[in-house]
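Chains as they are written, first to last, in the working numbering: chain A, 10 to 589; chain B, 14 to 253; chain C, 4 to 295.
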């Protein structure tokens, strides 16, 4: 197993976050301020919820306005089980967390169908309905009267003014922060983030985005449920009024005001939105809401990326002037090893009679293609001839209308993209799907995550750069480097078949030469099969073993480069009627 | 009239244009040619304000318009007709044309404003009240040009006007562009296929990988062997 | 039988309010892709103005003068809100900014109501007398909200098909790039769309005031039901909002009649989930019309 490593920014965020949480619990208790002790217990419970909301929103990309309902359901379940039914607090605690997870799973269901503000509205509506249901089922919940349930064992000071519940809240908030940081450094966390940022890239890496949404919702609901269950001993009382939609909106605001995706963002967001109105307008209860609304509005106008997000952006802008060590193609090519070329009989990719129509337009009209294992196969043709569509059909991104596709003899005609990827098919995209919010190193690791093997030769070869690349994001890389990074990512995943979609676009002459060498290396030394869609014919002539020419969804020529370049039909196709 | 110097631009971090210099005089038709991915559309979009150039300047009658928003550039007299015959599909042909002149304000007389275009494209007059989605691709291209015509721009940029259009509809479209230029409008046409618009062009430039590689008259380029080499990627010193 | 008729008639009347909110969503959404969460509290503000400005004695003349005045007032307010909402979108691609700024605007309006009147609920007396229809007494307000919903449906249709500004706003939703190439000023048109949505919710709040709860926390319920109406019908399509609103109105009144008032919103939520799972584009949604 590889040890979890945090980059410098994460360590700083964690340190400050833990200081803020621990200090805000310990200081008021030591100073003996009951008012601030109580307020900061609530603040830190909210911090725990907001940290998980941050994970859900920024890492998993799920807009949930219903976390207040999850929190409230857990608290109310504790109240019902431990208060009204007279069971122990521990029993209530378990029941509360369990109910929270159930509600979280319910939220995940619509997330399979809809995303973005649609999902936001569904969860928002759930948050509106939740307190109404607490009132409607008053036989069960005691309705608007609420439930009183003290837990004296947890609220009796142990000494120095500290109660067990204070320590539990502190532990929960710190655990939430540590959990979030650790999750990001694990395979699961990286895969959750890839699925959110780019579903296409995720599927190309063998990830089923829907499954990861479920996991993210479950994780968030569990943590939020834990916080909700601790709410009861903190307050000693639950009431439907405490869990109105405003609470859910508060959690969401906290994340965005603090800085969406910033580890310490939720801490800052909760402090600003809870403490500023409470401290400044302590005597004017009705004005707190107004203050809170204005603070949220003004911060969004002044810092669209949130408070911490704006600070981080400034820090990074300063760093952007220093260029990182480029991703050197030479270093990869210097790898002394070689892998045996696969036997050249058989076919790596077999496409038979594939048809794909969009409306009345036939993008692919009976295409046959056979790619020999270990070869570089070029796919060329004018705009709209169906090259990228064919690539999408092979990699499972587009369902075909007729015909069949097989990878190494396995039929994949109906397989979704993430299944095809798991068969060892890696691909790149016209615009590189490099994940901006991850470090350069993580961008390589998500490739290795496909098979979960982090001890492969490529990562070992590039290990000297690990520290530097872990501290930096891909926005420091020039375009050509991002291309190479995307290709290396598929190599790190040990894919046998690489589908490259217009890799040479935007490369300078020297960069193209390097890229051509890389492609030849993949085929000759690593035994990879490469299917290359490319506009840049000069590159294709140079690197391809065989070339297929598409026009209007049909194959018009197939053969080695020399034959194809001399074919009058091909010349006519690319030049127009000039020498027809 | 239109002067471009040292223009660099790209999509996000992908550099596409690498220093383009080009100037077009009133009444002149310049054809921009080049293979797929040469940066022709990017050039037009950078001039038209849809892509912010990273370096270089675009001047319209001496006035610097580099980096302005597309709608402001149109208001200053430079009109880009996007590729793919884009019109407003749910609006009628007549309303599509009216919107082309909407920014000029007032209540212009439709007939006076659109008459010359409708004369060239009688089919549009017949379908004046039909929604634009019911037109064929070629008719939509005519509509897009009519919409641009009523804006009375001094410079017209036209991105692949012949793409996806029935062969027989291309001559009237080119004819229209020729007459339009004769009114004193500077016209830049982007095409991929060499022959399609060469006949109406005063001058053509050939782009490759974000740079202008060749410039010449129609007759000169027709003879030039290098054109074919550029299109087939056979012109490089390191080609096998 | 009589109960059913009451549910249907009142359902249409209440549903018309949801339809009006739904149409006001559509106007802004079509022009900008933004869903304005403050729309519900803007509706409540319209009703609050009716409460503040209408005398306790029925005064029809005053009512007819105030109706357009309140609508225009809300239009100005929404234009300002729209301008503020669009501001950060200029400088950043932060996709969550409008969620926050519109919600914050909603929170601020709710907070002002709270400061002004506490958590009390105000109500307004209608200056019109009830009508009798097939033996059922229909509050005049329900007839008026239904009429207003139809009025705005037709007015929006004319606006989007006849008026140059309306055509330009339609053009934005059909092809943003082509609209910009044609020289249409996107920001200005989007702010105009916000103002028009203000005319709709302002007039709707004023007219519906006698049947509304004018309270600091009632806005979110109207946002929710208005959104459900718009989604059921197909986001962006006003005919859909009209039909969706009436559907939501009747279902929620039925739920109130059968199970109690607390279940009204639950039924809307259930309807929303079912529609999104089964037919996300809604009853009248046109997915193809939008170029992505």
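Glycine is no exception: its CB is placed at the ideal position from the N, C-alpha and C atoms. Keep in mind it's a predicted model, so treat the numbers as computed, not measured.
**Asked** Which residues in the same chain as residue 198 of chain C place their Cβ atom closer than 8 Å to its Cβ, once the five residues preceding and following it in sequence are excluded?
**Response** As a first step, residue 198 of chain C is located in the third chain; it is residue number 195 there, counting from the start. If we look at residue 198 of chain C and ignore the five residues flanking it on each side, its Cβ neighbours are 78, 79, 81, 82 and 85.
**Request:** From the DSSP output, in three-state form, read off residue 376 of chain A for me.
**Result:** By 1-based counting over the first chain, the position of residue 376 of chain A is 367. Residue 376 of chain A: strand per DSSP, three-state reduction.
**Asked** When you compare only the Cα positions, how much space is there between residue 412 of chain A and residue 375 of chain A?
**Response** As a position in the first chain, residue 412 of chain A is number 403, starting the count at 1. As a position in the first chain, residue 375 of chain A is number 366, starting the count at 1. Using only the alpha carbons, I get a separation of about 8 Å.
**Message:** Against chain B, with Cβ distances strictly below 9 Å, would residue 97 of chain C count as a contact?
**Reply:** Here residue 97 of chain C is taken as the residue at index 94 of the third chain, counted from 1. Any reading at residue 97 of chain C is ruled out, since the residue's pLDDT is 49, under 50, leaving its predicted position unreliable.
**Prompt:** Using a C-beta to C-beta distance shorter than 9 Å, which residues of chain A count as neighbours of residue 29 of chain B?
**Reply:** The residue labelled residue 29 of chain B in the question sits at position 16 within the second chain. Within chain A, the residues near residue 29 of chain B are 514 and 515.
**Request:** Please state whether DSSP places residue 96 of chain C in a helix, a strand or coil.
**Result:** Indexing the third chain from 1 puts residue 96 of chain C at position 93. Here the model assigns residue 96 of chain C a pLDDT of 43, short of 50, so the residue's position is not dependable and the matter cannot be decided.
**Secondary structure of residue 70 of chain A, DSSP reduced to three states** = In the first chain, counting from the first residue as 1, residue 70 of chain A sits at position 61. Looking at residue 70 of chain A - three-state DSSP - the assignment turns out to be coil, as it is neither helix nor strand.
**Asked** Residues in its own chain within less than 6 Å of residue 336 of chain A by CB, not counting five upstream and five downstream?
**Response** As a position in the first chain, residue 336 of chain A is number 327, starting the count at 1. Counting only Cβ-Cβ distances below 6 Å, and skipping sequence neighbours, we find 490, 493 and 494.
**Prompt:** Using a C-beta to C-beta distance shorter than 9 Å, which residues of chain B count as neighbours of residue 178 of chain C?
**Reply:** Sequence index remark: in the third chain, residue 178 of chain C carries index 175 (1-based). By Cβ distance, chain B contributes 95, 99, 100, 101 and 102.
**Prompt:** For residue 60 of chain A versus residue 232 of chain A, is the C-beta distance shorter than 9 Å?
**Reply:** Within the first chain, the letter at position 51 stands for residue 60 of chain A. Within the first chain, the letter at position 223 stands for residue 232 of chain A. Yes, Cβ-Cβ distance for residue 60 of chain A and residue 232 of chain A is below 9 Å.
**Asked** So which residues on chain C does residue 84 of chain B lean against when the C-beta distance must stay under 7 Å?
**Response** Stepping through the second chain from its first residue, residue 84 of chain B is reached at position 71. Near residue 84 of chain B (Cβ distances below 7 Å), the residues of chain C are 183, 186, 187, 188 and 189.
**Prompt:** Under the three-state reduction of DSSP, which class applies to residue 20 of chain C: helix, strand or coil?
**Reply:** If you number the third chain from 1, residue 20 of chain C lands on position 17. The answer is helix: DSSP assigns residue 20 of chain C an H, G or I state.
**Request:** Could you list which residues in chain B have their beta carbon closer than 9 Å to that of residue 545 of chain A, in chain order?
**Result:** Sequence index remark: in the first chain, residue 545 of chain A carries index 536 (1-based). The contacting residues are 48, 49, 50, 222 and 246.
**Asked** Thinking C-alpha only, which one of B/215, B/75, B/46 and B/14 is nearest residue 225 of chain B?
**Response** Stepping through the second chain from its first residue, residue 225 of chain B is reached at position 212. Of B/215, B/75, B/46 and B/14, the residue nearest in Cα terms is B/46.
**Message:** Along the stretch 187 to 205 of chain B, where does the CB come closer than 8 Å to a CB of chain A? Name the residues.
**Reply:** 205
**Bridge partner(s) assigned by DSSP for residue 136 of chain C** = Counting from 1 along the third chain, the entry for residue 136 of chain C is found at position 133. DSSP lists C/139 as partners of residue 136 of chain C.
**Item:** Proximal residues of chain A, C-beta to C-beta of residue 271 of chain C below 8 Å
**Value:** If you number the third chain from 1, residue 271 of chain C lands on position 268. Residues of chain A passing the Cβ test: 134.
**Request:** Please confirm if residue 230 of chain B has its CB atom under 9 Å from at least one CB of chain C.
**Result:** Within the second chain, numbered from 1, the residue matching residue 230 of chain B stands at position 217. Under the Cβ distance rule, residue 230 of chain B does not count among the residues neighbouring chain C, no pair being separated by less than 9 Å.
**Asked** Could one say the Cβ of residue 576 of chain A lies closer than 9 Å to chain C's Cβ atoms, at least one of them?
**Response** Taking the first chain and counting its residues from 1, the one referred to as residue 576 of chain A is at position 567. Closer than 9 Å: no.
**Prompt:** So, does the CB of residue 147 of chain B fall closer than 9 Å to a CB anywhere in chain C?
**Reply:** Counting from one through the second chain, the residue named residue 147 of chain B turns up at place 134. No, residue 147 of chain B lies away from the interface with chain C (no Cβ there is under 9 Å from its Cβ).
**Message:** Between which two residues does the alpha helix (DSSP H) holding residue 554 of chain A run?
**Reply:** The residue given as residue 554 of chain A occupies position 545 in the first chain. Unbroken run through residue 554 of chain A: none, as it is neither H nor E.
**Prompt:** So residue 451 of chain A is in the alpha helix (DSSP H); what residue range does that whole segment cover?
**Reply:** The count along the first chain starts at 1 and reaches residue 451 of chain A at position 442. Start and end: 449 to 457.
**Message:** Can you check whether the C-beta of residue 174 of chain C is within less than 9 Å of a C-beta belonging to chain B?
**Reply:** In the third chain, residue 174 of chain C corresponds to position 171, counting from 1. Residue 174 of chain C counts as touching chain B.
**Message:** Taking CB distances under 9 Å as the criterion, tell me whether residue 123 of chain B reaches chain C.
**Reply:** Taking the second chain and counting its residues from 1, the one referred to as residue 123 of chain B is at position 110. Answer no: the Cβ-Cβ gap between residue 123 of chain B and chain C never drops below 9 Å.
**Message:** For a test of the three-state rule: what should DSSP assign to residue 386 of chain A, helix, strand or coil?
**Reply:** Residue 386 of chain A sits at position 377 when you count from the first residue of the first chain. Residue state, collapsed to three classes: strand.
**Request:** With distances taken Cα to Cα, identify the nearest neighbour of residue 67 of chain B among B/162, B/229, B/219 and B/19.
**Result:** Within the second chain, residue 67 of chain B is the residue found at index 54, counting from 1. Nearest to residue 67 of chain B by alpha-carbon distance, out of B/162, B/229, B/219 and B/19, is B/19.
**Item:** Assigned secondary structure, residue 220 of chain C (DSSP; H/G/I helix, E/B strand, else coil)
**Value:** The residue given as residue 220 of chain C occupies position 217 in the third chain. The answer is coil: DSSP assigns residue 220 of chain C none of H, G, I, E or B.
**Asked** For residue 97 of chain C, which residues from the same chain have a beta carbon less than 6 Å from its beta carbon, with the 5 sequence-adjacent residues on both sides left out?
**Response** Position 94 of the third chain holds residue 97 of chain C. The predicted model places residue 97 of chain C with a pLDDT of 49, which falls under 50 and marks its position as unreliable; any figure quoted below should be read in that light. The answer is none, since no qualifying residue turns up.
**Contact list for residue 23 of chain B against chain A, beta-carbon separation under 7 Å** = As a position in the second chain, residue 23 of chain B is number 10, starting the count at 1. Those are 515, listed as they occur along chain A.
**Request:** Return helix, strand or coil for residue 284 of chain C, following the three-state DSSP convention.
**Result:** Along the third chain, read from residue 1 onward, the residue named residue 284 of chain C stands at position 281. The answer is coil: DSSP assigns residue 284 of chain C none of H, G, I, E or B.
**Message:** Please list, in chain order, the chain B residues whose beta carbon lies closer than 8 Å to that of residue 580 of chain A.
**Reply:** Sequence index remark: in the first chain, residue 580 of chain A carries index 571 (1-based). By Cβ distance, chain B contributes 241 and 245.
**DSSP bridge partner residues for residue 228 of chain B (one or two, in chain order)** = Position 215 of the second chain, counted from the start, is the residue given in the question as residue 228 of chain B. Residue 228 of chain B pairs with B/218.
**Distance between residue 71 of chain A and residue 124 of chain C (C-alpha atoms, nearest Å)** = Walking along the third chain from the start, residue 124 of chain C turns up at place 121. Walking along the first chain from the start, residue 71 of chain A turns up at place 62. So the alpha carbons of these two residues sit roughly 35 Å apart.
**Item:** Where residue 160 of chain C falls, given that 16 or more other Cβ within 10 Å makes a residue buried
**Value:** Here residue 160 of chain C refers to the residue found at position 157 when the third chain is read from its first residue. That one is exposed.
**Nearest-angstrom Cβ-Cβ length linking residue 282 of chain A and residue 304 of chain A, presumed shorter than 8 Å** = Counting from 1 along the first chain, the entry for residue 282 of chain A is found at position 273. Counting from 1 along the first chain, the entry for residue 304 of chain A is found at position 295. About 6 Å separates the Cβ atoms of residue 282 of chain A and residue 304 of chain A, confirming a contact at the 8 Å cut-off.
**Prompt:** Which residue or residues does DSSP assign as beta-bridge partners of residue 67 of chain C?
**Reply:** As a first step, residue 67 of chain C is located in the third chain; it is residue number 64 there, counting from the start. Paired residues: none, contrary to the question.
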